[in-house]
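Counting in our numbering, the sequence shown runs from 1167 upward without gaps. Backbone N, C-alpha and C define an ideal beta-carbon position, used for all residues, glycine too. Bear in mind that the values here come from a model prediction, so they are computed numbers and not experimental data.
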Amino acid sequence: MSDQDLSPLPGRTVLVTGATTGIGLETARQLAARGATVLLHGRTAEEARAAADRLIATASIDAARLHPVAADFTHLDEVESLANQVVAQHPHLDVLVNNAGIAAPERHTVTTDGNEIAFQVNFLAHYLLTRLLEPALTSDPGGRVVNVSSSLHRTANIQWNDPQRARRYSRLAAYAQSQLALTVFAADPRVTAVSVHPGVCDTALMPLYAHEGITPAESATHVARLCDPAVEIVNGAYHDRAERVAPAPVATEDRTIKRLNRLADLLVGRTA
1167 MSDQDLSPLP
1177 GRTVLVTGAT
1187 TGIGLETARQ
1197 LAARGATVLL
1207 HGRTAEEARA
1217 AADRLIATAS
1227 IDAARLHPVA
1237 ADFTHLDEVE
1247 SLANQVVAQH
1257 PHLDVLVNNA
1267 GIAAPERHTV
1277 TTDGNEIAFQ
1287 VNFLAHYLLT
1297 RLLEPALTSD
1307 PGGRVVNVSS
1317 SLHRTANIQW
1327 NDPQRARRYS
1337 RLAAYAQSQL
1347 ALTVFAADPR
1357 VTAVSVHPGV
1367 CDTALMPLYA
1377 HEGITPAESA
1387 THVARLCDPA
1397 VEIVNGAYHD
1407 RAERVAPAPV
1417 ATEDRTIKRL
1427 NRLADLLVGR
1437 TA
């Protein structure tokens, strides 16, 4: 699917996390080029502003369509501040693209919030952000969440008794666990959401998959497609690039969904 296959999106407001490089930056470009207002998230305000300037300079994106926002997902208080800012400035949000992600490091690493870093950045921060943005996403019918997940979720299991992987750490298992959690979260009924594996892409995460990948622009078309209101989505569905396929069986189990929500609420310091 190319940029030309997307319908015009004037009046739509979309928040893309991890939008300073790779798939996130390309998703922001494609959506803004179609007329959407894009909240372009970066780890720092400087990185977000630089990404917006890059799109303005190299892709002829109208500066009025880009709104840089910042939060370091290794600090949950910054995620909360970001959500508060978005709700205050954009009380109606059409789409949240949960794209920000990191490869789990070689050594077991814990954030200041006490969580394994990949589990927090890839899942818990997005869980908290989605929860806090729920009023904006549901202010009118049609709000949706697109989780940029991974086919590696199929190899994963959630270590319920040790979600921080403190006792036995593997970077691949930690990353896969975060992707399974993100995929399970899409089946939560409170906000309509889907997950998408956008293909093995030539980004910083590629070494987890293979030695070669498709371009971020090609991967981003699959994400941008699911942001289009003309594309019907089913809550909890999983897409492998342009095709809807079944996720790992555990990803749609009601018991797992509820158990994950309870765990996530505990780890981000919220009540259900």
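Residue j beta carbon less than 7 Å from that of residue i
i: T1193; j: A1386; result: yes
i: N1265; j: G1208; result: no
i: L1392; j: V1416; result: no
i: E1246; j: A1340; result: no
i: A1347; j: L1318; result: no
i: G1267; j: N1288; result: yes
i: A1353; j: I1423; result: yes
i: D1260; j: T1186; result: no
i: A1390; j: L1197; result: yes
i: T1210; j: R1231; result: no
i: P1234; j: A1214; result: yes
i: R1475; j: A1430; result: The chain is shown from 1167 up to 1438; residue 1475 falls before or after that span and cannot be answered.
i: A1270; j: A1291; result: no
Residue burial classification, residue i (beta-carbon count within 10 angstroms, cutoff 16)
i: G1177; result: exposed
i: P1355; result: exposed
i: R1195; result: buried
i: P1301; result: exposed
i: S1344; result: buried
i: A1218; result: buried
i: D1306; result: exposed
i: R1200; result: buried
i: N1323; result: exposed
i: T1278; result: exposed
i: V1263; result: buried
i: T1349; result: buried
i: A1229; result: exposed
i: L1432; result: exposed
Residue i to residue j span [Cα, whole Å]
i: E1212; j: A1237; result: 11 Å
i: G1365; j: S1316; result: 8 Å
i: V1447; j: D1420; result: A question about residue 1447 goes unanswered here, because the residues of the chain that appear run from 1167 up to 1438.
i: L1221; j: I1227; result: 6 Å
i: D1394; j: L1175; result: 7 Å
i: D1243; j: V1253; result: 16 Å
i: T1240; j: L1294; result: 12 Å
i: V1153; j: V1182; result: Residue coverage of the chain in this structure runs from 1167 to 1438, which leaves residue 1153 outside it and unanswerable.
i: G1280; j: S1173; result: 43 Å
Beta-bridge partners of residue i, as assigned by DSSP
i: D1406; result: H1363 and E1409
i: H1207; result: V1235
i: L1338; result: Its beta-bridge partners do not exist; DSSP assigns none.
i: T1179; result: T1203
i: V1311; result: L1262 and A1359
Contact with chain B by residue i, beta-carbon distance below 7 Å
i: V1400; result: Given the protein chain composition of this structure (a single chain), no chain B is represented.
Where in the segment 1241 to 1302 do unbroken runs of the alpha helix (DSSP H), each at least 4 residues long, occur, reported from the N-terminal end onward?
If we require 4 residues or more, the alpha helix (DSSP H) runs fully inside the segment 1241 to 1302 come out as 1242 to 1255.
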